[in-house]
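To keep things clear, I will list the structure first and then write my remarks on it.
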Amino acid sequence: MRVYGRRVHQWTRWPLRVTSSLAALLLFDQAVFAGQFLAGTFPALQTHRDNATYAGLAVLAAAVAAALIRWTGGGPLWPMFAFLGLFGLIALQIAIGFLRLLAVHIPLGVTIILGGLLLTAWSWRYQPGERS
Amino acid sequence: MSLSRRRLLGGLSAIGAASAVGIQILAGVRGSSSTGELLPSRIGLPKPFRLPFRVPPVLAPARSDATGDYYRVTQRAALVEILPGVRTPIWGYEGLFPGPTIRSVRGRRTVVTHTNELPVPVVVHLHGGHTPAGQDGFPADLLYPAGWTGDMMTGGVMAHGRRDYVYPMTQPAATLWYHDHRMDFTGPAVWRGLAGFHLISDPAEDALGLPAGDRDLPVMIADRSFDADGSLRYPSLDPSLLHTPGVREPYGSGVLGDVILVNGVPWPVAEVPAARHRLRLLNASNARRYRLTLDPPGPLVQVGADGGLLESPVAQEAVEIAPGERFDVVVDFGRYRPGQVVTMRNEFGDHTTTAVMRFRVGAAVPDPSRVPDRLAPAPAAAGPAVMTRDLRFRHGKVNGMAGWTINGAAFDPARPAATPRLGDTEIWRLSSDFHHPIHLHLASFRVLSRGIGGPGPYDQGPKDTVDLRPAEQASILVRFADHPGRYVFHCHNLEHEDMGMMGVFAVRP
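Heads up: the protein sequence lines correspond to chains A and B, in order. Note that my numbering has the first sequence beginning at 4, numbered continuously upward. Note that my numbering has the second sequence beginning at 83, numbered continuously upward.
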């Protein structure tokens with residue numbers, strides 16, 4: 004398939020689908036681990052902290068994969084910036100978590116999870132060859 | 083592009099929704115520094131920093147001999163002037179609030195004979211004392227007023243009229259306090275005034291050269307509210323404090339007052355010479371937490387915690403103190419100009435509760451005191467922990483009503499949550515839903531960790547109360563030394579304690 008005279012690599016959507024799905028899963032897990040330590044499970048707080056790093060890395064990987072759909076797949080540019088923005092929010096979220104600003108940490112966490120899920124849903128709907 | 087009505091309405095709705103959410107988030111962004119509900123006073127409050135600071139009188143022993151020092155305390159109702167020109171009925175040790183200070187010397191047995199002239203049974207607990215079980219003030223071991231008929235069926239040891247509390251005082255120098263601890267009614271009894279200092283000194287501490295005498299000031303901080311008639315306002319379901327425990331809603335989360343009393347005086351001012359002073363800070367509030375700072379800023383050099391001296395002093399810029407906790411700090415008023423006023427503030431406060439007290443610095447005077455770099459030897463290495471226990475402190479149903487639980491259960495004097503052997507070391511992992519200052523009787527402990535880090539800045543030294551914040555977890559290393567028997571541990575938010583958040587541990591001999 005060719006768009007605007009360039010060849011579109013169909014495979015490029017797959018790294019994004021995989022990395023964004025992984026990121027969404029790890030982000031959702033943050034809520035799961037938070038729930039567990041609020042329920043009194045001691046080690047879940049350490050898991051919540053460790054998993055924050057993994058979720059951040061997965062979002063960063065998804066940003067790379069999103070760059071791939073732009074420059075190899077001819078797709079849109081905004082998903083890369085969206086994942087980078089999400090990564091920025093995660094960095095902020097980790098700092099806020101350490102400061103125990105829970106009244107910000109929890110709504111921001113919900114926002115981040117929602118953002119991750121929406122981007123993942125987009126990655127599965129996206130067909131190379133579309134410009135947006 | 084033309085702006086259709088639909089787009090305009092859509093845009094406005096989106097902005098409206100975003101601001102509604104944003105306002106909600108911003109309004110609550112600070113969270114709460116105390117778990118509790120403000121009970122406003124119904125009487126005009128005095129201006130802060132008008133009334134003189136005072137130190138509670140030191141109780142003289144009725145007799146002293148080779149077997150120890152013998153004190154007598156009568157618990158009775160009294161009318162006192164707390165707000166200027168207003169008579170307030172209180173319950174007090176010797177009719178005073180705070181009660182008289184008892185000073186013990188390490189190694190000298192102290193016997194306090196309490197006479198109960200109040201209209202209710204009482205229990206006296208020496209908070210921080212390494213006390214034999216029968217003398218510790220177990221919540222069911224009631225001292226009834228003389229002539230009382232009937233039995234409240236608590237299953238404890240009963241006494242009528244008077245009884246001795248015998249303290250071996252084998253523990254290191256520390257700032258302790260004594261207060262009422264009757265099952266289900268501790269909150270209102272302490273609120274009415276049943277609290278006082280009990281200080282232990284020892285020769286090792288005396289040799290350090292810390293500020294002493296008039297420059298060693300007990301500072302009991304307690305918030306209260308006043309009713310229109312000048313009485314202390316408290317939302318008891320049963321103001322007789324005899325039958326139905328608990329408070330009316332919404333005060334089940336804790337009762338916060340709007341008047342800050344320091345040694346029973348609202349927002350006092352202390353005249354101090356320009357020299358180092360030791361302030362023995364005690365939070366005797368039912369539920370309020372404080373973050374204490376000096377204005378103009380100056381260090382609070384912490385030398386002691388709940389259970390005695392730190393190994394070495396720590397310069398704190400602020401001290402966060404939860405109900406039941408003590409911080410011994412040294413403040414050098416010599417850093418300030420003579421005539422300068424130094425205000426102790428509460429950064430966790432709002433409106434009337436932001437001010438605590440004020441110092442007016444006097445002339446420079448000779449100051450022989452010092453704060454040595456080494457205060458106390460390192461704690462003896464604890465044996466390996468033989469047990470790790472998880473204790474979850476949270477809101478729950480108690481007898482079908484909203485209350486407070488430990489591992490899902492409300493206080494049951496007959497059912498121990500832990501049965502360590504005498505001499506055992508255990509790790510207790512405590513977790514919370516709201517603010518819960520957790521206090522253990524008998525044993526002093528060290529805080530190992532808070533959250534996923536080490537101990538916090540206010541967790542140092544020997545502790546008997548650890549300040550858990552909402553959704554927080556802390557590990558403590560506790561050695562059950564000194565005495566076998568049945569003791570309690572509980573949340574020192576007294577409304578939480580009265581509504582179930584207390585457990586028993588029985589130390590096996």
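All residues carry an ideal CB built from backbone N, CA and C; glycine is no exception.
State buried or exposed for residue i, treating a residue as buried only when at least 16 other CB atoms are found within 10 Å of its CB.
i: residue 237 of chain B; result: exposed
i: residue 33 of chain A; result: buried
i: residue 84 of chain A; result: exposed
i: residue 102 of chain A; result: exposed
i: residue 384 of chain B; result: buried
i: residue 590 of chain B; result: exposed
i: residue 31 of chain A; result: exposed
i: residue 233 of chain B; result: exposed
i: residue 510 of chain B; result: buried
i: residue 83 of chain B; result: With a pLDDT of 49 at residue 83 of chain B, under the threshold of 50, the modelled position of this residue cannot be trusted, and the question is left open.
i: residue 295 of chain B; result: exposed
i: residue 108 of chain B; result: exposed
i: residue 3 of chain A; result: Not covered by the structure: residue 3 of chain A. The range shown for chain A is 4 to 135.
i: residue 161 of chain B; result: exposed
Just verifying my parser: in three-state terms, what is the DSSP assignment at residue i?
i: residue 98 of chain B; result: helix
i: residue 475 of chain B; result: strand
i: residue 529 of chain B; result: strand
i: residue 393 of chain B; result: strand
i: residue 297 of chain B; result: helix
i: residue 452 of chain B; result: coil
i: residue 461 of chain B; result: coil
i: residue 599 of chain B; result: The structure shown does not extend to residue 599 of chain B, since chain B is modelled only from 83 through 591, so no value can be given for it.
i: residue 423 of chain B; result: strand
i: residue 437 of chain B; result: strand
i: residue 139 of chain B; result: coil
i: residue 83 of chain A; result: helix
i: residue 557 of chain B; result: strand
i: residue 446 of chain B; result: strand
CB-CB under 7 Å to residue i, same chain, minus the five flanking residues each way: which ones, in chain order?
i: residue 407 of chain B; result: 365, 388, 519, 547 and 549
i: residue 176 of chain B; result: 155, 156 and 182
i: residue 503 of chain B; result: 590
Among residues of its own chain, excluding the 5 on either side of residue i, which ones have a beta-carbon nearer than 6 Å to its beta-carbon?
i: residue 401 of chain B; result: 374, 382 and 409
i: residue 198 of chain B; result: 157, 204, 225 and 227
i: residue 306 of chain B; result: 314, 339, 341 and 343
i: residue 133 of chain B; result: 347 and 350
i: residue 164 of chain B; result: 170
i: residue 100 of chain A; result: 108
i: residue 298 of chain B; result: 360
i: residue 458 of chain B; result: 391 and 393
i: residue 47 of chain A; result: 36, 39 and 40
Is there a C-beta anywhere in chain D that falls below 7 Å from the one on residue i?
i: residue 520 of chain B; result: No chain D appears in the structure shown, which is made up of the protein chains A and B.
Please name the residue in the options whose C-alpha comes closest to that of residue i.
i: residue 573 of chain B; options: B:522, B:555 and B:543; result: B:522
i: residue 239 of chain B; options: B:250, B:245 and B:223; result: B:223
i: residue 96 of chain A; options: A:16, A:52, A:64 and A:68; result: A:52
i: residue 460 of chain B; options: B:537, B:494, B:542 and B:576; result: B:542
i: residue 125 of chain B; options: B:169, B:143 and B:303; result: B:169
i: residue 553 of chain B; options: A:39, A:26 and A:25; result: A:39
i: residue 420 of chain B; options: B:376, B:467, B:353 and B:393; result: B:353
i: residue 86 of chain A; options: A:123, A:47 and A:48; result: A:123
i: residue 531 of chain B; options: B:557, B:119, B:540 and B:397; result: B:557
i: residue 308 of chain B; options: B:180, B:146 and B:337; result: B:337
i: residue 432 of chain B; options: B:527, B:508, B:371 and B:484; result: B:371
i: residue 118 of chain B; options: B:578, B:507 and B:128; result: B:578
i: residue 469 of chain B; options: B:559, B:178 and B:274; result: B:559
i: residue 153 of chain B; options: B:193, B:514 and B:471; result: B:193
Going by beta carbon distance, what residues of the same chain come within less than 8 Å of residue i, once the five residues before and after it are set aside?
i: residue 481 of chain B; result: 492
i: residue 202 of chain B; result: 227, 264, 267, 271, 322, 323 and 324
i: residue 59 of chain A; result: 90, 93, 94 and 97
Confirm the yes/no value for this check: CB of residue i, any heavy atom of the ligand FAD, distance under 6 Å.
i: residue 469 of chain B; result: With respect to small molecules bound, the structure shown includes none, and the ligand FAD cannot be examined in it.
Within 8 Å, do at least three Cβ pairs link the segment 104-124 of chain B to the segment 267-274 of chain B? With a cut-off of 8 Å, the segment 104-124 of chain B and the segment 267-274 of chain B do not count as touching, because too few Cβ pairs lie within range.
Taking contact to mean 3 or more Cβ pairs, one atom from each stretch, closer than 8 Å, check whether the segment 248-265 of chain B and the segment 202-219 of chain B are in contact. The segment 248-265 of chain B, when compared against the segment 202-219 of chain B, does touch it at the 8 Å Cβ threshold.
Is it the case that the segment 471-480 of chain B contacts the segment 434-452 of chain B, given that we only count it when at least three CB pairs across the two stretches are under 8 Å? Fewer than three pairs of CB atoms, one per stretch, sit closer than 8 Å, so the segment 434-452 of chain B makes no contact with the segment 471-480 of chain B.
Does the count of Cβ pairs from the segment 242-262 of chain B and the segment 270-290 of chain B closer than 8 Å reach three? Touching, yes.
Should the segment 14-23 of chain A be called in touch with the segment 63-72 of chain A, which here means at least 3 C-beta pairs below 8 Å? As far as the Cβ criterion goes, the segment 14-23 of chain A touches the segment 63-72 of chain A, which means the pair count is three or higher.
Are the segment 560-577 of chain B and the segment 209-216 of chain B touching, with three or more C-beta to C-beta distances below 8 Å? Under the Cβ criterion (8 Å, minimum of three pairs), the segment 560-577 of chain B counts as touching the segment 209-216 of chain B.
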